[in-house]
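To keep things clear, I will list the structure first and then write my remarks on it.
Residue numbers (our numbering): 89 to 214.
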């Protein structure tokens, strides 16, 4: 496989978006403490959203799609791996040791996104 930056350059040259984001897969290691740290975690996520760092976040199901496990997926916008790691480290779930995480770069090349804004109803739908 090519080096990351070489692949990113090739993606740009072929006309792909090549938007570099950071994916945090977060895994519950102390599920019994999730409820206690959830309010601080959600407040932190709101702060990251307001600052522009948080792109998407939410829980993951188990592999059947039927049960919660306390795991989640978070996508950050950051200047570097180090900056993304600092954001992830400061998440109260991670700082308290309730969840551990892996961090990876993600190169967004393809896809589509639709947004429907209805002014009279003051609603937004994806």
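Every residue, glycine too, gets a C-beta built ideally from N, C-alpha and C.
Keep in mind it's a predicted model, so treat the numbers as computed, not measured.
| query | Run through DSSP, which three-state label would residue 170 get? | reply | helix
| message | Does residue 120 come out as helix, strand or coil in the three-state DSSP assignment? | response | helix
| query | If we ignore side chains and look at the alpha-carbon of each, how far apart do residue 115 and residue 193 end up? | reply | 18 Å
| query | Which of helix, strand or coil does DSSP assign to residue 108? | reply | strand
| task | Taking residue 160 and residue 145 to be in contact with their CB atoms under 8 Å, please state how far apart those CB atoms are, rounded to whole angstroms. | result | Contact check for residue 160 and residue 145: beta-carbon distance about 7 Å, within the 8 Å limit, so the pair qualifies.
| field | Bounding residues of the alpha helix (DSSP H) (the contiguous stretch that carries residue 183) | value | It spans 180-183 - the alpha helix (DSSP H) in which residue 183 sits, taken as one unbroken run.
| field | C-alpha gap between residue 190 and residue 213, whole angstroms | value | The straight-line gap separating the alpha-carbon atoms of residue 190 and residue 213 is approximately 30 Å.
| Outcome for residue 186 when other beta-carbon atoms lying within 10 angstroms are tallied against a minimum of 16 | buried
| field | Reference residue 168; option with closest CA among 89, 134, 151 and 107 | value | 107
| task | Quick one: give me the first and last residue of the alpha helix (DSSP H) that residue 98 is part of. | result | 92-101
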